[in-house]
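Data block below; observations after.
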Amino acid sequence: MIFKVYYQENRHEVPVRENTKSLYVEASSEREVRTHLKDRNYNIELVQLLEGSHLEYEQASQNYEVESID
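Here this note's numbering is used: the first residue of the sequence shown is 1, the next is one more, and so on.
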C-alpha cells in the first residue's frame with residue numbers, strides 16, 4: 001500500500017500550512033510508516049492511504065517518489 005505523509009520538518013515548531021511537506025511511503029500499515037519515520041525530526045500531521053483514482057492522480061505528479069520500507 002502507498003501512504004502519503006504530510007509533515008513539518010521541525011517537530012518543535014508550530015505547524016503552518018505553507019510549510020507542510022509531503023512524502024510517499026510504501027508500507028503495509030500506517031503504524032509501519034510512523035515507525036519508519038520516528039527517527040526523523042518530523043512533526044507528522046497526517047498519514048493518508050492512497051487508493052484508486054487518488055493514487056493515480058498522485059502518481060501523475062512529477063514530485064511522486066516512493067520510499068520503500070525494507
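Even for Gly, the Cβ is constructed at its ideal location relative to N, Cα and C.
Could you tell me the distance, in whole angstroms, from the CA atom of residue i to the CA atom of residue j?
i: arginine 17; j: arginine 34; result: 20 Å
i: asparagine 43; j: arginine 31; result: 15 Å
i: asparagine 63; j: asparagine 10; result: 21 Å
i: tyrosine 6; j: histidine 12; result: 16 Å
i: glutamate 51; j: glutamate 58; result: 10 Å
Buried or exposed, going by whether 16 or more other CB atoms sit within 10 Å of the CB of residue i?
i: leucine 37; result: buried
i: tyrosine 24; result: buried
i: glycine 47; result: Reading the sequence as shown, one finds valine at residue 47 and not glycine. With 16 or more other Cβ atoms within 10 Å, it is buried.
Tell me which residue opens and which closes the alpha helix (DSSP H) that residue i is part of.
i: valine 33; result: 30-37
i: glutamate 58; result: 52-59
Report back the beta-carbon spacing between residue i and residue j to the nearest angstrom; my notes put them in contact at under 8 Å.
i: methionine 1; j: serine 28; result: 6 Å
Need the endpoints of the beta strand (DSSP E) that residue i sits in, please.
i: glutamine 8; result: 2-8
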